[in-house]
Amino acid sequence: MQRQGKYTVSLIEGDGIGPEISQSVKDIFSAANAPVKWEPIDVSPVFIDGKQSVPPEAMDSINRNFVALKGPLATPVGKGHVSLNLTLRRTFNLFANVRPCKSIQGYKTPYDNVDTVLIRENTEGEYSGIEHVVVDGVVQSIKLITREACERVLRFAF
1 MQRQGKYTVS LIEGDGIGPE ISQSVKDIFS AANAPVKWEP IDVSPVFIDG
51 KQSVPPEAMD SINRNFVALK GPLATPVGKG HVSLNLTLRR TFNLFANVRP
101 CKSIQGYKTP YDNVDTVLIR ENTEGEYSGI EHVVVDGVVQ SIKLITREAC
151 ERVLRFAF
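So in UniProt numbering, spot 124 of the sequence shown is number 124, and the numbers just go up one at a time.
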């Protein structure tokens with residue numbers, strides 16, 4: 001949301017190296033005089049009706065600002081835990097993972113003149129979060145893919 005000539009962006013710093021990355025992004029935006037005001041938000045999960053949810057204050061911030069920048073978030077290990085990344089994707093219907101890939105002049109790579117965009121479904125498949133320990137040291141992950149999700153990302157891509 002633009003206020004006083006600046007765009008307010010919800011900032012989820014993340015875990016691990018997330019705060020360091022987030023600070024670097026803020027420094028770059030500042031050096032570029034980008035008209036952005038950062039609104040830090042805490043997305044530590046809360047449980048509502050027994051389900052992991054994004055805190056209402058974080059939801060309000062993202063809905064109000066229409067844009068958020070998210071650093072890396074830790075994925076919990078263990079039975080019955082859904083990653084916060086997946087919770088955010090599902091909550092805000094972020095089903096399309098858009099990854100542009102373009103060659104950079106001056107950098108030698110095995111392939112020249114690459115200019116493509118990869119689009120992948122972001123809430124199902126490997127992201128389903130349906131896993132369990134078979135035996136100690138072995139985890140089985142179920143790759144759930146629905147026709148509805150496939151068609152939705154297909155319509156987005158084409």
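C-beta atoms are modelled at their ideal positions from N, C-alpha and C, and glycine is treated no differently.
| query | Closest by CA to P57, which one among K51, P40, K70 and L69? | reply | The identity of residue 57 in the sequence shown is Glu, whereas the question assumes Pro. Nearest to E57 by C-alpha distance, out of K51, P40, K70 and L69, is P40.
| field | Inside the stretch 53 to 126 only - alpha helix (DSSP H) runs reaching at least 4 residues | value | Contiguous alpha helix (DSSP H) elements confined to the stretch 53 to 126 occur at 56 to 65 and 84 to 91, taking only those with 4 or more residues.
| Under the three-state reduction of DSSP, which class applies to F47: helix, strand or coil? | In the displayed model, F47 falls within a strand according to three-state DSSP.
| Helix or strand or just coil, what does DSSP make of I21? | In the structure shown, the three-state DSSP call for I21 is helix.
| message | Could you check if L154 belongs to the surroundings of the ligand NAP, using beta carbon to heavy atom distance under 6 Å? | response | Looking for the ligand NAP in the displayed structure turns up nothing, as the structure carries no ligands at all.
| said: Would the stretch 61 to 69 count as touching the stretch 99 to 112 if we require 3 or more Cβ pairs under 8 Å? | reply: No contact exists between the stretch 61 to 69 and the stretch 99 to 112.
| field | E39 in three-state terms, based on DSSP | value | Collapsing the DSSP output to three states places E39 in a strand.
| task | Determine the direct distance from the alpha carbon of I12 to that of N33, and round the result to whole angstroms. | result | Looking at the two C-alpha atoms, the distance is approximately 21 Å.
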